[in-house]
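J.: Pasting a structure here, questions to come.
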Amino acid sequence: MNKENILSWIELDKKNLKNNYDFLRSKLDDDTMMAGVVKADAYGHGLVKTSRLLDEFGVDYFCVHSYEEADKLRKQDYGKPILIMGYVAKSNLKDAIEKNYRMVLYDRERLAEAKNITESIDETAYFHLKLETGTNRQGIREEEIGEFVSVFRENQGLKLEGIYTHFANIEDTTDHSYAHSQLKEYRRLAGKAEEVLEKRIPIKHTACSAAAMLFPESHFDLVRPGISMYGFWSSKETHAAYMLKYHENVENLLKPVLSFKTKVSQIKRVPAGEYIGYGCTFRATRDMEIAVLPVGYYDGYDRLLSNNSYVLIKGKRAPLVGRVCMNIIMVDVSAIENVKPEDVAVLIGNQGDECISANYLASTINTINYEIVTRLGCHLPRFVV
Ligand SMILES: *Cc1c(COP(=O)(O)O)cnc(C)c1O
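Residue numbers (the numbering used here): 21 to 405.
The following block contains the structure:
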């Protein structure tokens, strides 16, 4: 792949990733492990490139959603445990066990299948039991704990390596009473599981980014930060709650890792009175010069940004004019001197003194930064800078 030929790409700032990693580490006790949550192609940052950096920084553990993601990580041979937090197809279960993938557990059929497999192939299956504490997504209820955990007590081939839960209402509010009630429930249920098992479950974990940053009491043996590692606050509320709690200047604690860039493919003059793009949603009120850029909603640049955002060219804001197309957008460069084909345009990131953040795009289209970054096309090449 010749870099010159690439028209649209994503850059990963290694320094910023390290900054975020170090910041999160600084919140942890020495004996708390840190997992890199690299599901969704490392939140759109690129699974392989991102995990390689996290491995180099010393992350202890990886969390993914799918079996396929676990396989991609395994190819990199980091020698670190991988937890699959989503459903694994029945047809992949035996392979997942042979590959020592740790798997979320919340259904009894799965446990029975794993028991049969480990007996027939003499392997150990590692599970992390998911507890229902109020999110009602995955997770077993109190009355099921005895049944699940006793299977582990009685079968050498099945290891209950971890026990965890996930908060429902920690990012969306500065009122953390629901999260605290979940944490309390988690402690109680995990204690009950350990009583049944008659020993300690090695890895207790609950904390996503917001919990890891706000609540040391949620850390236990391992934290599972995703979004904060990539340099974003989970939400405005998390940001505000952190400030209130720690009275720290939070501006530069987390630094976005990703930039999304493209190159101008054409400069075009549009006379006053003419329309631009599908649906004739934009009409030039004066003679304009527009730049045509080779990105669109296919690349993860949301169509809702039509006529409602800007890109950076030569360090200046160039507003979108007309609809976002599948592979193309048009921007107004009338006020920017001397723009030429193959000039770099920044869709997310910094240029000169200007910045377009994923947070800004998210708020423009009424979604969350998570969605902006995870939807960036996986066909876009990722480069570490
Ligand atoms: C995605 C996910 C995380 C990470 O959440 P962030 O808010 O991105 O830190 C942690 N735990 C589970 C179970 C998840 O699904």
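From the three backbone atoms N, C-alpha and C, an ideal C-beta is built for every residue, glycine too. Predicted, not measured: the structure shown is a model, and the values here were computed from it.
Just to confirm the assignment, what range does the alpha helix (DSSP H) spanning residue 408 have?
T.: Here the chain covers residues 21 to 405 and nothing more, so residue 408 does not appear.
J.: Tell me whether residue 186 counts as near ligand 1, meaning its Cβ is closer than 7 Å to at least one heavy atom of that ligand.
T.: On the sequence shown, residue 186 is found 166 positions in, with the first residue counted as 1. Result yes, Cβ under 7 Å from ligand 1.
J.: Using a 10 Å radius around the Cβ and a threshold of 16 neighbouring Cβ atoms, would you call residue 2 buried or exposed?
T.: In the structure as shown, the chain starts at 21 and stops at 405, and residue 2 therefore has no counterpart that could be examined.
J.: Tell me which same chain residues have a C-beta within less than 6 Å of the C-beta of residue 126, skipping the five on either side of it?
T.: As a working note, residue 126 is residue 106 in the sequence shown. Excluding positions up to five away in sequence, the list reads 150, 158, 159 and 160.
J.: Give me the Cβ distance between residue 218 and residue 173, rounded to the nearest whole Å; I'm assuming they're in contact under 8 Å.
T.: For the purposes of this step, residue 218 is taken as the residue at position 198 of the sequence shown. For the purposes of this step, residue 173 is taken as the residue at position 153 of the sequence shown. Confirmed, Cβ separation roughly 6 Å.
J.: Which whole-angstrom value describes the C-beta separation of residue 85 and residue 105, a residue pair presumed to lie in contact below a C-beta threshold of 8 Å?
T.: Position 65 of the sequence shown holds residue 85. Position 85 of the sequence shown holds residue 105. Cβ-Cβ separation between residue 85 and residue 105: approximately 6 Å, consistent with a contact (criterion under 8 Å).
J.: With DSSP run on the structure shown, which of helix, strand or coil describes residue 35?
T.: Taking the first residue of the sequence shown as position 1, residue 35 is located at position 15. In the structure shown, residue 35 sits in a helix (DSSP, three-state: H, G or I).
J.: Mapping DSSP to helix, strand and coil, what is residue 233?
T.: Here the question's residue 233 lines up with position 213 in the sequence shown. In the structure shown, residue 233 sits in a helix (DSSP, three-state: H, G or I).
J.: According to the neighbour-count rule (16 or more other Cβ atoms, all chains shown, within 10 Å of its Cβ), is residue 372 buried or exposed?
T.: As a working note, residue 372 is residue 352 in the sequence shown. Around the C-beta of residue 372, fewer than 16 other C-beta atoms lie within 10 Å, and the residue is accordingly described as exposed.
J.: Can you check the segment 311-356 for any beta strand (DSSP E) of at least 3 residues that lies completely inside it and give the ranges in chain order?
T.: 330-333, 336-339 and 349-352
J.: Can you give the Cα-Cα distance for residue 13 and residue 244, rounded to whole angstroms?
T.: Shown here, the chain extends from 21 to 405; a query on residue 13 therefore has no answer.
J.: Roughly how many angstroms separate the alpha carbons of residue 70 and residue 202, rounded to a whole number?
T.: Reading the sequence shown from its first residue, position 50 is the one you call residue 70. Reading the sequence shown from its first residue, position 182 is the one you call residue 202. About 31 Å.
J.: Decide if residue 317 is buried, meaning its Cβ has at least 16 other Cβ atoms within 10 Å, or exposed.
T.: Walking along the sequence shown from the start, residue 317 turns up at place 297. Buried, since its Cβ has 16 or more Cβ neighbours within 10 Å.
J.: To which residues does DSSP link residue 182 through a beta bridge?
T.: Locating residue 182 in the sequence shown gives position 162, where the first residue counts as 1. Answer is 148 and 223.
J.: Rounded to a whole number of angstroms, what is the C-alpha to C-alpha distance between residue 344 and residue 130?
T.: Against the sequence shown, residue 344 aligns to sequence position 324. Against the sequence shown, residue 130 aligns to sequence position 110. C-alpha separation (whole angstroms): 45 Å.
J.: Can you tell me whether residue 320 is buried or exposed, with buried defined as 16 or more other CB within 10 angstroms of its CB?
T.: By 1-based counting over the sequence shown, the position of residue 320 is 300. So residue 320 counts as buried.
J.: Which runs of the alpha helix (DSSP H) at least 4 residues long sit entirely within the segment 86-154? Give them in chain order.
T.: 87-96, 110-118 and 128-141
J.: How many Å lie between residue 444 and residue 252 at the Cα?
T.: The structure shown does not extend to residue 444, since the chain is modelled only from 21 through 405, so no value can be given for it.
J.: So, using beta-carbon positions, are residue 284 and residue 361 closer together than 8 Å?
T.: For the purposes of this step, residue 284 is taken as residue 264 along the sequence shown, with counting starting at 1. For the purposes of this step, residue 361 is taken as residue 341 along the sequence shown, with counting starting at 1. In this structure, residue 361 lies closer than 8 Å to residue 284 by Cβ.
J.: In whole angstroms, what separates the C-alpha of residue 376 from that of residue 336?
T.: The count along the sequence shown starts at 1 and reaches residue 376 at position 356. The count along the sequence shown starts at 1 and reaches residue 336 at position 316. Each residue's Cα considered, the two are about 11 Å apart.
J.: Classify residue 101: buried if its beta carbon has 16 or more other beta carbons within 10 angstroms, exposed otherwise.
T.: The residue you call residue 101 lines up with position 81 of the sequence shown. Buried.
J.: Find the nearest neighbour of residue 225 within the set 211, 216 and 215, judged by alpha-carbon distance.
T.: Here residue 225 refers to the residue found at position 205 when the sequence shown is read from its first residue. When each option's Cα is compared against that of residue 225, the closest is 211.
J.: By the DSSP assignment, the alpha helix (DSSP H) with residue 263 in it spans what residues?
T.: Here residue 263 corresponds to residue number 243 of the sequence shown, with the count starting at 1. Counting along the chain, the alpha helix (DSSP H) containing residue 263 begins and ends at 256-266.
J.: Quick check on residue 83: does DSSP put it in helix, strand or coil?
T.: Locating residue 83 in the sequence shown gives position 63, counting from the first residue. The three-state reading of DSSP puts residue 83 in strand, counting E and B together.
J.: How many whole angstroms separate the CB atoms of residue 31 and residue 281, which I take to be in contact at a CB cut-off of 8 Å?
T.: Here residue 31 corresponds to residue number 11 of the sequence shown, with the count starting at 1. Here residue 281 corresponds to residue number 261 of the sequence shown, with the count starting at 1. That belief holds up - the Cβ atoms of residue 31 and residue 281 are roughly 7 Å apart, short of 8 Å.
J.: Is any heavy atom in ligand 1 found nearer than 7 Å to the beta carbon of residue 245?
T.: Taking the first residue of the sequence shown as 1, we reach residue 245 at position 225. It does: the Cβ of residue 245 is within 7 Å (strictly closer) of some heavy atom of ligand 1.
J.: Any idea what DSSP makes of residue 73, helix, strand or coil?
T.: Locating residue 73 in the sequence shown gives position 53, counting from the first residue. Helix.
J.: Label residue 266 either buried or exposed according to how many other C-beta atoms from any shown protein chain fall within 10 Å of its C-beta, with 16 as the threshold for buried.
T.: Translated into positions along the sequence shown, residue 266 becomes position 246. Label assigned to residue 266: exposed.
J.: Using only the heavy atoms of ligand 1, determine whether one of them is closer than 7 Å to the beta carbon of residue 230.
T.: Translated into positions along the sequence shown, residue 230 becomes position 210. Within the cutoff, so yes.
J.: Can you check whether the CB of residue 326 is closer than 8 Å to the CB of residue 301?
T.: For this step, residue 301 is matched to residue 281 along the sequence shown. For this step, residue 326 is matched to residue 306 along the sequence shown. Contact: yes.
J.: Please confirm whether residue 390 and residue 247 have their CB atoms less than 8 Å apart.
T.: As a first step, residue 390 is located in the sequence shown; it is residue number 370 there, counting from the start. As a first step, residue 247 is located in the sequence shown; it is residue number 227 there, counting from the start. It is a contact, given that the beta carbons lie within the stated cut-off.
J.: Between 395, 214 and 154, which has its C-alpha nearest residue 205's C-alpha?
T.: Taking the sequence shown and counting its residues from 1, the one referred to as residue 205 is at position 185. The residue with the shortest Cα to Cα distance from residue 205 is 154.
J.: With distances taken from CA atoms, which of 254, 397 and 96 is nearest residue 274?
T.: In the sequence shown, residue 274 corresponds to position 254, counting from 1. Checked all of 254, 397 and 96; the closest Cα to residue 274 is 254.
J.: How about residue 114: is its Cβ closer than 7 Å to a heavy atom in ligand 1?
T.: Within the sequence shown, the letter at position 94 stands for residue 114. With a cut-off of 7 Å, the C-beta of residue 114 is classified as distant from ligand 1, since no heavy atom of the ligand falls inside that distance.
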